[in-house]
Amino acid sequence: MKHPTLAELTDLERGELPIERAREIRDHLETCETCRQTWEEVQEAAGNLLAWEDEPVSTTFVTSTISAIEEAERVLAPAGRGFGPAWIRRIPIAAAAVLVSLLFQAFVWNPLESPRSFRAIFDLTPEVAALSDGTAIPDTILVLTVGSDGTVTTEILGEQSGELDELIPLIIERSGERDFRAVLLLGSDPEGSVTIDRHDLEPLLSGLGIEKVTAGAGVVLIAGRGDIVARIGVPIEYVVVRAHEVGVDSVRSIVADRLEARAATLTSDRVALVLTRADSLHTSGEFAIEMRYDRGEERPQVQVIRPRLEVRSRIESTQSLLDSLQTPSRLIITMNDEGRIITSWAVLDLEEFRDMAGRLTADPGDLSILVLIPEGEEEREALLLEILEEIGGDKITIRRIKKDGSR
Amino acid sequence: MEDETLVKRAAAGDRRSFEILIRRHAGAIVNYLRRFLPDPDDAEDAAQDVFLLAWRNLDRFDPGLGFFKNWLFRIATNTGLNEIKRRDRAALREEAAAPLIHRERDNQHDRQETREIGDILQPALQSLPAGERQIVLLSYYHDLTYRQISHILEIPIGTVKSRMHKAMARLRDSLRPVKEGELQ
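Protein chains in written order, with the working numbering: chain E, 6 to 412; chain S, 9 to 192.
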C-alpha cells in the first residue's frame, strides 16, 4: 500500500477520512515504522492542542455586554419619522446636494463585519448616516478631492496639491499616525466624471496597507460627477447608504428630504448621486444616476434624469442571496447590454476585467464569483462564463444564480 | 430551552432570552478569540462586539442554515479578522522588524519561564496564517467537522482541508520541542 501522506494522517486524526481508507491506513501503521512515527507526531500535536483548556470568562462579561446592548438600543430608539435618528436631523444640514459616493465594501457587503472605527456610524444609523462636514469624517478615511485640472488635494497635505502619482509617496509618509482603512475620492470637475480610477489608487492603497481590491476587502470605491463643491459652494454632506437596504425610491426620498431641509439656501438645481453597487439588489439596477429637482415645488421633486447604467438583472428573492454574500472574497458580476462587465465597484471592458480577474485569482482558493444574468440571456451568460473559464479555469468557483435566487 | 427558541424570542425583543444565549456561548466565543487574536487580552472586548452584532442582526439568522453557535463563530471570525487587519496595518507603520524580533524573544522567554501549555501553543498558533489558525481552532476547540467549518467560513471544503493540512504540518514542526521535553 502507498504510504499515507501527512494530510491523510491529519484527516485520520480528525475523523475525516472515508472509513475504508482509514482502515487501510491503520493497518499500514501496524507495519510501517516511518509512518507510525509521523502518526505519533500528528497525535502529539493534536494532543497538545486538545490539552489547552478554556479559561473562565470574567464575571462581569455578561452584564457589561447586556449594558452595551441597552446603551446601543437607547441611542437607536426611533425619534419620529425620518430616515435616521434625531441627531441627524439636529445637524445643520450643510449641503444641498448629496454626493453619495462611498463606501466601504466590507460595510456594504457584510454588516457583520463593519470595522470597529465605523461602529459608531453603523450602530447609530441603520439606514443612513450623515456627516455634516469634513471634521465629522472618521479619521480612518482619507479624503482626496480632485480638482477640475486633475490636481489632488487632501487634508493631510495641508495646502499642498498636485498630481496623484506625485503626491502618493508624500501621503503615505504623512499617514504614519493615522489608521486609514479607506479612501474617499471626491471630484470637483464640473464638466466630467472623476478621472482617477481604482487603478490609479492602487499604489496609494498598497502604501497605506489597505488590501487588494476585492469586494469586501475594506477598500472604498468611489466615482461620480464632482460639481457639487464648485457649483453649490457649500460644504459637502457625505451620506453613507447601505445600498443593499435602500432602493432607488427610498434614496430619492432621502435626497428629497435633504433638499427640502435646505431649500432656502440652495444654489443649484442638480444633484449627483452615485451608488457604487452596480449589483445592488434593491436599487433596481441604477448604478449611477443624476437627479434634478424643482425648487419651485413645495417639496422638491427629485427626478432621475440620467441613468448612466442599467443593470437588467434584478433578483427578486434577495434574502438568500444576501445571506450568501457575506464573505470578503466573493465577487458578483454581470454584463450590460454593451457587453461591459459590471462588478460591485466598477464597470469594466473585457480587457480590464481579464486583467483585474487575473490578479484576483492570485489566491484562488478564497475567491468565488457570482454571476447574475437575466433570464433568456443565454448568449451573454455563455460569453461571460467563457471569459471566466479562460481567466480562472478550475481555480475559481463559479456559481450561477437564477432570477428567483435559486442556483 | 433550545437556542433557536431563545433566538426567536430575542429577535422579538426579549432581552432576557438573549442574555441566556450570551451566558451559554460566552465561554466558547471568548476562548475562540483568545486563541485567534494576537493579544488574548483583547478577546473579551471583541467578544462583546460579537454579541452586539449578533443582537443587531438577529433577524438575519436563519436556523435552516445552521446552528446559532456556528453563526456566532462566523461573526467572531469576521470580528477577529478585522481586529487582526487593524493591528497589522498599525504594525506596518511602526518599525516593523524590531518589535517582531522582540516579540519572538519575549515569547521564547515566556516559554522558558512559565512552561505552561498555553504559552507554547499561543505563539505556535499565532505563527500560522489567520486562515489556517481559524480552521485549527474551530476543528480542535469546537469540534467542528470540515463541512461545518466550510459552512461557517463560507469557503470550499477543499480549502478547509488544504489549510488544515498546512497548519498541522507547521504545528507539528513548531511543537516538536514540546515533545522533546520542554513541557513538563
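We put the CB at the ideal spot given by N, CA and C, even for glycine.
Partner residues on chain S for residue i, Cβ-Cβ distance less than 7 Å
| i | result |
| --- | --- |
| residue 19/E | 147 |
| residue 57/E | 125, 126 and 129 |
Residue-level contact to chain E via CB, residue i, 8 Å cutoff
| i | result |
| --- | --- |
| residue 136/S | no |
| residue 119/S | Confidence in residue 119/S is poor, its pLDDT being 37 and thus under 50, which makes the residue's placement too unreliable to answer from. |
| residue 101/S | Note that residue 101/S scores a pLDDT of 47, beneath 50, so its modelled location is shaky; the value from the coordinates is reported in the next line. Closer than 8 Å to some Cβ of chain E, the Cβ of residue 101/S qualifies, so yes. |
| residue 19/S | no |
| residue 6/S | The displayed coordinates of chain S run from 9 to 192. Any statement about residue 6/S would go beyond what the structure contains. |
| residue 75/S | no |
| residue 33/S | no |
| residue 81/S | no |
| residue 52/S | yes |
| residue 176/S | yes |
| residue 27/S | yes |
| residue 179/S | yes |
| residue 150/S | no |
As assigned by DSSP and simplified to three states, the class of residue i
| i | result |
| --- | --- |
| residue 164/S | coil |
| residue 210/E | helix |
| residue 8/E | coil |
| residue 13/S | helix |
| residue 39/S | helix |
| residue 69/S | coil |
| residue 57/S | helix |
| residue 62/E | coil |
| residue 17/E | helix |
| residue 171/S | helix |
| residue 76/S | helix |
| residue 47/S | coil |
| residue 174/E | helix |
| residue 23/E | coil |
| residue 63/S | helix |
| residue 137/S | coil |
| residue 44/E | helix |
| residue 153/S | coil |
| residue 180/E | coil |
| residue 88/S | helix |
| residue 20/S | coil |
| residue 388/E | helix |
| residue 183/S | coil |
Interface flag, residue i vs chain S, CB-CB below 8 Å
| i | result |
| --- | --- |
| residue 166/E | no |
| residue 15/E | yes |
| residue 367/E | In this predicted model, residue 367/E has a pLDDT of only 44, less than 50, meaning its place in the structure is not dependable enough to derive any value. |
| residue 104/E | Residue confidence is low: residue 104/E scores 19 on pLDDT, short of 50, so the model does not pin down where it sits. Its coordinate-derived value is still stated next. No, residue 104/E lies away from the interface with chain S (no Cβ there is under 8 Å from its Cβ). |
| residue 148/E | no |
| residue 209/E | no |
| residue 27/E | no |
| residue 178/E | no |
| residue 11/E | yes |
Proximal residues of chain E, C-beta to C-beta of residue i below 8 Å
| i | result |
| --- | --- |
| residue 56/S | 66, 69, 70 and 73 |
| residue 42/S | 60 |
| residue 9/S | Those do not exist, as residue 9/S stays about 17 Å from chain E at its closest Cβ, beyond 8 Å. |
Proximal chain E residues relative to residue i, where beta-carbon distance stays under 7 Å
| i | result |
| --- | --- |
| residue 39/S | 59 and 60 |
Where residue i meets chain E, residues with beta-carbon distance less than 9 Å
| i | result |
| --- | --- |
| residue 88/S | Neighbours of residue 88/S on chain E: none; closest Cβ ~11 Å, over 9 Å. |
| residue 183/S | 46, 49, 50, 53 and 54 |
| residue 15/S | Within 9 Å Cβ-Cβ: nothing; residue 15/S doesn't reach chain E, min ~15 Å. |
| residue 159/S | Correct list: empty, because the minimum Cβ distance to chain E is about 11 Å. |
Any non-hydrogen atom of the ligand NAD within 7 Å of residue i CB
| i | result |
| --- | --- |
| residue 39/E | No copy of the ligand NAD appears in this structure; indeed no ligand is present at all. |
Are the stretch 66–83 of chain S and the stretch 15–25 of chain S touching by the rule of at least three beta carbon pairs closer than 8 Å?
yes
Stretch-stretch touch, CB-based, cutoff 8 Å, three pairs: the stretch 55–62 of chain S with the stretch 82–89 of chain S:
yes
Count Cβ pairs between the stretch 39–48 of chain S and the stretch 36–54 of chain E that sit closer than 8 Å; are there 3 or more?
no
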